[in-house]
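Participant: Below: one structure in structure tokens.
There are 4 protein chains.
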Amino acid sequence: MRARDLGLACGSLTPGARNSIADVPGVGVGHTTLNEGDIHSGVTAIVPHAGDLFRDKLPAAAVVLNGFGKSIGLMQLNELGTLETPILLSNTFAVGTCANALIRRAIAGNPEIGRRSGTVNPVVLECNDGYLNDIQAMAVTEAHACAAIEAVRADFAVGNVGAGTGMSCFGLKGGIGSASRRLRLDERNHHLGVLVLANFGNAGDLVLPGGRRIPAAAPGEPEAGSCVAVIGTDIPLEHRQLRRVAARAGVGLAWCGAFWGAGSGDIALAFTTANPVPQRPDTSLLSQRVLAEPCIDLLFRAAAEATEEAVFDALAAADTVAGRNGHRRISLREILSR
Amino acid sequence: MRARDLGLACGSLTPGARNSIADVPGVGVGHTTLNEGDIHSGVTAIVPHAGDLFRDKLPAAAVVLNGFGKSIGLMQLNELGTLETPILLSNTFAVGTCANALIRRAIAGNPEIGRRSGTVNPVVLECNDGYLNDIQAMAVTEAHACAAIEAVRADFAVGNVGAGTGMSCFGLKGGIGSASRRLRLDERNHHLGVLVLANFGNAGDLVLPGGRRIPAAAPGEPEAGSCVAVIGTDIPLEHRQLRRVAARAGVGLAWCGAFWGAGSGDIALAFTTANPVPQRPDTSLLSQRVLAEPCIDLLFRAAAEATEEAVFDALAAADTVAGRNGHRRISLREILSR
Amino acid sequence: MRARDLGLACGSLTPGARNSIADVPGVGVGHTTLNEGDIHSGVTAIVPHAGDLFRDKLPAAAVVLNGFGKSIGLMQLNELGTLETPILLSNTFAVGTCANALIRRAIAGNPEIGRRSGTVNPVVLECNDGYLNDIQAMAVTEAHACAAIEAVRADFAVGNVGAGTGMSCFGLKGGIGSASRRLRLDERNHHLGVLVLANFGNAGDLVLPGGRRIPAAAPGEPEAGSCVAVIGTDIPLEHRQLRRVAARAGVGLAWCGAFWGAGSGDIALAFTTANPVPQRPDTSLLSQRVLAEPCIDLLFRAAAEATEEAVFDALAAADTVAGRNGHRRISLREILSR
Amino acid sequence: MRARDLGLACGSLTPGARNSIADVPGVGVGHTTLNEGDIHSGVTAIVPHAGDLFRDKLPAAAVVLNGFGKSIGLMQLNELGTLETPILLSNTFAVGTCANALIRRAIAGNPEIGRRSGTVNPVVLECNDGYLNDIQAMAVTEAHACAAIEAVRADFAVGNVGAGTGMSCFGLKGGIGSASRRLRLDERNHHLGVLVLANFGNAGDLVLPGGRRIPAAAPGEPEAGSCVAVIGTDIPLEHRQLRRVAARAGVGLAWCGAFWGAGSGDIALAFTTANPVPQRPDTSLLSQRVLAEPCIDLLFRAAAEATEEAVFDALAAADTVAGRNGHRRISLREILSR
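Residue numbers (the working numbering), protein chains in the order written: chain A, 10 to 347; chain B, 10 to 347; chain C, 10 to 347; chain D, 10 to 347.
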């Protein structure tokens, strides 16, 4: 079940056909889901194009809304302005293992890495699923990470899947959600899509579209959550513009009722599939197109709306989960149907 | 009329006695209001303590939510972590003049400035009131700036006063607003207060508490607004913590319905009256107290709530204004009473 | 006298024909110099192209090396990535007045500013010349600022002129200096030029090319200086690349012997004359060229070398000055000729 | 052999007794060195105090001089302002494995991590040793990382050890180096120490103290290096001050002749052993001391000098190495003795 199936549409702009990040042509998402005993975790891969990302990098930028997080790869992404691996999402203690998997995969496709060229910059983002998942077990393996990349497709599942398997959101069951907006520029359709790993928000703070509030399902344990928002678009944007767009994920989270809690690693990463950057350009000056700045408000609104709706999408798709140590997260659907 | 008189209370925390930034002991606010012909503008001064700020500076930090703004003084404020003049708010083209006034005033009180000590860092923030005000006239003078400082008091006016005289907000009449929250730490009362200069938001985007939306009063002219939020507290915070708190002003603006438009100079500045920093310390190592980080979520919530309510306070207090060239901004009160 | 006349060439790259920022086609520099009684100050204008900068903005970025400074305009420059007025340099207390002059000049050329379009973002950078100049007098007027812009030319003076009139550097007489490097890309010549307002460095820390040190001319009064470095180029760079290039001004200052003192406002601003940005684009997607990142090391080296040499240029051109209150700065030439 | 044994003393301040980061009381360094076949790599651990860092965190800050690097942990370090694990240095592709080791070690000492408390933030910094080392082999294991921590001591080796085993610097053999400065405040001795992992600089750019240049030992292969500088002190500094001090590592690198090449991950991290921050404070307001800002120039100079000398220390201690694929790096000592 998606957000709109539950009546949780957001904003005024029109979604794309899938209402997901895969409305951006070429973008796919894959999951490895772990559900066994006390393990409720997994890996989600976002692959922005079907080619080799190391050879054809994409312009990208990341913004830290609240930096209580343990990602890898964002520093170089902001310095060089490019993404050169798939983006992996997982639990906090799986970042190192996922990074290792991305490195080995990049080397396999580009044997000159670390020999004749420089190294490769793996990008892994995370949230802490330790409330439901036995995160100390460090159950995610490099094989799990690779399997998520292999499973990439345009029609992907949301809710309790992949990295979202053990996540919590506003005291309810969180997870993976997505949404998109169709944007018309120069008489052509473009898209901006968002995928969130929703694991943030204090119980009782959730605000549904129209202002409806959901009372806390559980007595308020201290938040130790996070939210990762990955924004993709096929509109050509320079790095500075990607940063501006990424920052609006923070608006979307606020619209859901969050105030970017001190213990939350709220990170937004935006990439564009326009203007791929060759690893070895054959000229000193590249030609490209770039959005005229006066049009950017449309993308800001789209990023804010789609982030908000992607969170509701995660909540709408999630099922109630009984996790480690008797911990339990009830789904929004269960709450709304009471 | 204040926000709560109009039923526009926000959030769950308790306000201070005045429900304004002046609930922070020592903080005062003064206005110079200009309303003559096509001039609808002014100056608002925030004075954080009654002493000489150059000799006893206050810890402060600023955060740029969206940098379409022309303030002065924030770079040094963030490098040295201190505020050493009153904070002036005015229209965009009055920044230079207000800065000159602050410099002359600091020199008058401290004749060694620029002679035996270094210089002084004036802090002036602004919004563009050009829709109602003839901003090209550059009508604000140094005398107006000084008069605002002289007029400082704890019980100050809100709405169409001072820098807020010609401001617009969500297509309605904006202006100056304020709110506060009482925070209990170690069994003692403390306060966090916010003052906003509200001049942001597209017509039709406003969301009142409970989710109520106000339809656009006027056909949507392109936003060229801004919002300045000044946050004061008597809780001891180090610079890094002040930045974290200031960032939550962005949450408050989002809760009002904004997405930090591309043309908006959305700036937050936070200061604490605890731990004043002497211009000439008599020791190399200063003693101070600082908030334990696990308590900071309470301040984040307070900053977000009070910023949201301060915007509603500006809207609630504002009266309809007929400005230059037949431009007109209707007050929220007028809209709600229709 | 220029740096190379005194044997103070830096680095390995070849300078342009003028060895100044005016080797970048279209860039000109003008000065207003004030030398009367205790007033030793002025204004320097850098005009990056001969057209109207508000209508045809240039990509630009600023980097704060040490933020003990009181500039105006850098926040918006970094958010929007464009420069829309000439760059003015002056003394610390002249920033407001220079900003007012830039605003009035922009309105004169574009009467829709603040009426039908948004406002204009004046860019003014400063150093504290209070050791030689009676900075409290605030002697710089808007007319002085305008005169500097009117005086713009490609063959401009360096040393004790314009904003450099009263500046000090490593305990010696500082001022305005410039240098450039010729860069070959795709078999065409390009240039990167630097202009500095040199007012930084503790007496005794200066290191000349080859490692020669100059003993302190005067007993070490505490540094309260600054250095502004403006970098221009005709190589197309996106905002992120301009920031990277600007940061290398910090290397040039370090090569002169500085450690970016705590009291120094060390700011670098880089702009490119390629890819001008129209105020009112007639399309949503602009076409442009941009430097391939693997070539950027050449620009980094050029920026570092030219910044270092521009400082020596300021020192080489400066004459000994007797300033207010018996204060005196000896020229490097006088020291070297002893 | 240390830098001063080779006549490579830097600056004017006095070193501590060991002239290393271990002059800061409580700080120790350990290495695991791998030298077998094509593997020339390792791990270096910096342990800032002998207790449990998760329970008693230290104030810390990181600065990115040039972000072509793949570290982990700096985002949270800058948000929360604290260090809660030892700092590990290794090769670029060992970051994930070292992070996993730090996580497991923290859990072993604090079984509530990821269960009743939040997670832990491992800090791992890296350089690319792929010129001499078969970095694709990913030879560093978690056991190697733990062994480096176990080997921590105050009298530690420099040169071709630990993470420095396979590093290159200015076309010569680089590695681990250290230096310190003794600083007197309020009539008591304090220390600031630096440890560098030196793997940066183009052949031919090296400048020795006094300005002596070393011609390129090898024809200039493109730089793909990096430099990590870790700065420790027992002077109490708040986060903002730690950032300011860390930035001066960039001055030290420039003084060695570098211009922070585009392919270099130049990162500085500064921590203080003063004001440890308890994981579970028993009060809302902590008492602490903090350096008065007017004294900070002394620390800036110390950080710049000690970083420069630490690089020379790495070069002085390194031996010539024959690495993978016939690659070879000659030591500075060998060059100087020719």
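Note that beta-carbon positions come from the ideal geometry of N, C-alpha and C, so glycine has one too.
So, helix, strand or coil for Q297 (chain A), using DSSP?
Facilitator: Residue state, collapsed to three classes: strand.
Participant: Please state if the CB of A166 (chain A) and the CB of V320 (chain A) are separated by a distance shorter than 8 Å.
Facilitator: Not a contact, by the Cβ cut-off of 8 Å.
Participant: How long is the line joining the alpha carbons of G175 (chain A) and G123 (chain D), rounded to whole angstroms?
Facilitator: Cα to Cα, the separation comes out at about 13 Å.
Participant: Starting from F102 (chain A), find everything on chain B with Cβ-Cβ shorter than 8 Å and list it in chain order.
Facilitator: Within 8 Å Cβ-Cβ: nothing; F102 (chain A) doesn't reach chain B, min ~22 Å.
Participant: For the alpha helix (DSSP H) containing I244 (chain B), list its first residue and its last residue.
Facilitator: Run containing I244 (chain B): none; DSSP gives neither H nor E here.
Participant: So, using beta-carbon positions, are I276 (chain B) and L74 (chain B) closer together than 8 Å?
Facilitator: Yes.
Participant: To which residues of the same chain is G270 (chain C) closer than 8 Å at the C-beta, ignoring the five residues directly before and after it?
Facilitator: Correct list, in chain order: N75, F209, G210, N211, E232 and G234.
Participant: So is A26 (chain D) in contact with chain C if we call contact Cβ pairs under 8 Å?
Facilitator: No, because no Cβ of chain C sits closer than 8 Å to the Cβ of A26 (chain D).
Participant: Counting only beta-carbon atoms, is F280 (chain C) nearer than 8 Å to chain B?
Facilitator: False, the Cβ-Cβ gap to chain B never drops below 8 Å.
Participant: Here's the rule: buried if 16 or more other CB atoms are within 10 angstroms of the residue's CB, otherwise exposed. What is D322 (chain B)?
Facilitator: Its Cβ being crowded by 16 or more others within 10 Å, D322 (chain B) is buried.
Participant: Taking L74 (chain A) as the query, report the chain C residues whose CB atoms sit under 9 Å from its CB, ordered along the chain.
Facilitator: What L74 (chain A) touches in chain C: nothing, since even the nearest Cβ is about 17 Å away.
Participant: On the DSSP letters alone, give me the boundaries of the alpha helix (DSSP H) that H200 (chain C) sits inside.
Facilitator: Unbroken run through H200 (chain C) is the beta strand (DSSP E), R197 to N208; no alpha helix (DSSP H).
Participant: Is there contact here, the segment 13–20 of chain A with the segment 132–142 of chain A, by at least three beta-carbon pairs under 8 Å?
Facilitator: These segments do not touch.
Participant: 8 Å is my cut-off, CB to CB: does E88 (chain A) come that close to chain D?
Facilitator: Judged by the 8 Å Cβ criterion, E88 (chain A) is in contact with chain D.
Participant: For L294 (chain B) versus L251 (chain D), is the C-beta distance shorter than 8 Å?
Facilitator: Contact: no.
Participant: Between the segment 112–128 of chain C and the segment 107–117 of chain B, can you find at least three pairs of beta-carbon atoms closer than 8 Å?
Facilitator: Too few Cβ pairs lie closer than 8 Å, so no.
Participant: Return the Cβ separation of F268 (chain A) and F309 (chain B) in integer angstroms, given the expectation that the two are a contact with Cβ distance under 8 Å.
Facilitator: Their Cβ separation, rounded to whole angstroms, is 5 Å, which keeps F268 (chain A) and F309 (chain B) in contact under 8 Å.
Participant: Is there at least one Cβ from chain E nearer than 8 Å to K66 (chain A)'s Cβ?
Facilitator: The chain labelled as chain E is not found among the protein chains of the depicted structure, namely A, B, C and D.
Participant: Near V52 (chain A), which residues of its chain fall below 8 Å by C-beta distance, leaving aside the five closest residues on each side in sequence?
Facilitator: Once the five neighbours on either side are set aside, the close Cβ partners of V52 (chain A) are H40, T41, L97, L98, S99, A103, C107, V149, H153, A154, A156, A157, G171 and A172.
Participant: Between the beta-carbon of A325 (chain C) and the beta-carbon of R11 (chain C), is there less than 8 Å?
Facilitator: Taking 8 Å as the Cβ cut-off, A325 (chain C) and R11 (chain C) qualify as a contacting pair.
Participant: Could you work out which residues of chain C lie near D47 (chain D), taking near to mean beta carbons separated by less than 9 Å?
Facilitator: By Cβ distance, chain C contributes nothing, its closest Cβ being about 27 Å from D47 (chain D), past 9 Å.
Participant: Is the shortest distance between the beta-carbon of A108 (chain A) and the beta-carbons of chain D less than 8 Å?
Facilitator: By this cut-off, A108 (chain A) is an interface position.
Participant: Around the C-beta of P224 (chain C), are 16 or more other C-beta atoms found within 10 angstroms, so that it is buried, or is it exposed?
Facilitator: So P224 (chain C) counts as exposed.
Participant: Within 10 Å of its beta-carbon, does E159 (chain C) have 16 or more other beta-carbons around it, so buried, or fewer, so exposed?
Facilitator: By the 10 Å Cβ count, E159 (chain C) comes out exposed.
Participant: Exposed or buried, which one is P95 (chain B) when buried takes at least 16 other CB atoms within 10 Å?
Facilitator: Burial call: buried.
Participant: Kindly identify the DSSP beta-bridge partner or partners of R193 (chain B).
Facilitator: Note: R193 (chain B) sits in a beta bridge opposite B:N198.
Participant: Could you tell me the distance, in whole angstroms, from the CA atom of R249 (chain D) to the CA atom of I48 (chain C)?
Facilitator: Roughly 37 Å separates the two Cα atoms.
Participant: Check whether the segment 181–188 of chain C touches the segment 83–91 of chain C, counting contact only when three or more Cβ pairs, one atom from each stretch, lie closer than 8 Å.
Facilitator: Result no; under three Cβ-Cβ pairs closer than 8 Å.
Participant: Give me the subset of the segment 309–328 of chain C whose CB atoms are less than 9 Å from a CB atom of chain D, sorted by chain position.
Facilitator: From the segment 309–328 of chain C, only F309, R310, A312, A313 and E314 have a Cβ closer than 9 Å to chain D.
Participant: Can you find the residues in the same chain that come closer than 6 Å, C-beta to C-beta, to V56 (chain B), ignoring five residues on each side of it along the sequence?
Facilitator: Counting only Cβ-Cβ distances below 6 Å, and skipping sequence neighbours, we find G37, P95 and V161.
Participant: Got a sec: is the Cβ-Cβ distance from G123 (chain A) to anything in chain B below 8 Å?
Facilitator: Closer than 8 Å: no.
Participant: Find the nearest neighbour of G127 (chain C) within the set A:I344, A:E317, A:H336 and A:P303, judged by alpha-carbon distance.
Facilitator: Nearest C-alpha to G127 (chain C): A:P303.
Participant: Could you give the residue range of the alpha helix (DSSP H) that holds C136 (chain B)?
Facilitator: Careful: C136 (chain B) lies outside any alpha helix (DSSP H), inside the beta strand (DSSP E) at V132 to C136.
Participant: Within a Cβ cutoff of 7 Å, which residues of the same chain sit near D32 (chain B), ignoring the five residues on either side of it in sequence?
Facilitator: These residues qualify, in order along the chain: G25, A26, S189, H200 and G202.
Participant: Considering just the uninterrupted stretch of the beta strand (DSSP E) at G37 (chain A), what are its terminal residues?
Facilitator: Where G37 (chain A) is concerned, the enclosing beta strand (DSSP E) stretches over G37 to E45.
Participant: Quick one: complete alpha helix (DSSP H) runs, 4+ long, within the segment 275–333 of chain D?
Facilitator: 305–326, all fully within the segment 275–333 of chain D.
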